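Undergrad: The sequence shown maps to residues 12 to 254 in the numbering used here. Virtual Cβ for every residue (Gly too), placed ideally from N, Cα, C. A quick note: this is a predicted structure, and the numbers were derived from the prediction, not measured.
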Amino acid sequence: MIGPGEVALVVGGSRGIGRATALRLAESGYDIWLTYNSNHAAAGEVRSLIEAKGRACELFSFDVGNYEAVQAALAERVQVTAPYAVVFSAGIARDNLLVWMSREEWETVINTNLNGFYNVVHTVLFSMLSQKRGRIVLISSVSGQTGHAGQVNYSASKAGLIGAAKALAREVGRKNILVNVVSPGVIETEMTEDVPRDKVLPLIPQRRFGAPEEVASVVNFLCTDDPSYIHGQVIGVNGGLAI
Ligand SMILES: NC(=O)c1ccc[n+]([C@@H]2O[C@H](COP(=O)([O-])OP(=O)(O)OC[C@H]3O[C@@H](n4cnc5c(N)ncnc54)[C@H](OP(=O)(O)O)[C@@H]3O)[C@@H](O)[C@H]2O)c1
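1. I'd like to confirm the pairing. Which residues does DSSP put opposite R146 in its beta bridges?
2. What is the residue span of the alpha helix (DSSP H) that D209 lies within?
3. Output the boundary residues of the beta strand (DSSP E) element that contains S72.
4. Here's a check: name, in chain order, each residue in its chain whose Cβ is nearer than 7 Å to the Cβ of K169, leaving out the five neighbours to either side.
5. Cβ of I28 within 6 Å of any heavy atom in ligand 1?
6. Nearest-angstrom Cα distance between A253 and I61?
7. Look up V75 in the DSSP assignment and say whether it is helix, strand or coil.
8. Let me know the secondary structure DSSP gives I198 once reduced to three states.
9. With H, G and I counted as helix, E and B as strand and the rest as coil, what does DSSP make of I121?
10. Can you list, in chain order, the residues of its chain with a C-beta nearer than 8 Å to that of V258? Leave out the 5 residues immediately preceding and following it.
11. Measuring alpha carbon to alpha carbon, tell me which residue in L85, R218, A104 and R35 is nearest D205.
12. Which residues does DSSP list as the beta-bridge partners of A19?
13. So T134 packs on V81, CB below 8 Å; how close in whole Å?
14. Pull up the distance between the alpha-carbon of P238 and that of Y78, whole angstroms please.
Structural data, given as structure tokens:
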């Protein structure tokens, strides 16, 4: 049971998979700390929807790649309330073949997708360890498991999250904090608006893109009491794209 006032921190919760996850976790009874980068209108809309469900929602706007900004937003807050669940969903893609990839494309993606994980989880982990309970879910990608041409930066960042989650699971398992990865395939969000359907759909056995809610439902399960013996795992939500 998710108790009253239990907090889930959803990083990258203003749009797409993070948005659906924040709404699903609110339905499960969590109050939500919702972080985003700069889309105030989208974040405000999610907050209204969460409040309409009778849950509280605090908004935090910062660039996950900026350690000082993450600290400024969350370090003092977690001394008052430790989040029970943390979902790291913030992420970007800057696709290019490696031969043409600029250092800016490489560094921006690694800084947001992988350093962002360090910046956020490092900031909140001590408070969670003191509670001796919790859930951490990282959103990786099938691209981090199988590799995708044109996504060397993105695949590296997403594979890095899987390694980080497995190592962290070994560190914090005895503190009753479960750490898992959810690895989506192609999901209908703004990130995949330009994906060529005619080329990609034949590769997906279910012959469709996933909905953000289908990812959110798995993340939600991992943030309940039910997955009591699921730890350090990578759970694919990909319509069979990677089997
Ligand atoms: N969509 C897919 O097919 C797919 C597949 C596999 C994995 N994923 C992963 O799933 C996660 C969510 O993807 P999505 O499709 O839902 O993306 P999205 O719709 O583009 O949403 C991205 C979210 O991350 C936030 N964000 C981006 N850069 C940030 C930064 N530097 N600092 C703080 N927040 C930042 C955005 O905030 P703003 O609204 O303020 O910009 C937004 O809330 C990502 O990690 C992505 O790599 C997606």
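TA: Let me spell this out:
1. A96 and L189
2. R208 to V211
3. C68 to S72
4. N124, S151, S152, S154 and G155
5. yes
6. 33 Å
7. coil
8. strand
9. helix
10. No information on residue 258 is available, as it lies outside the stretch 12 to 254 that the chain covers here.
11. A104
12. I43 and A96
13. 5 Å
14. 31 Å
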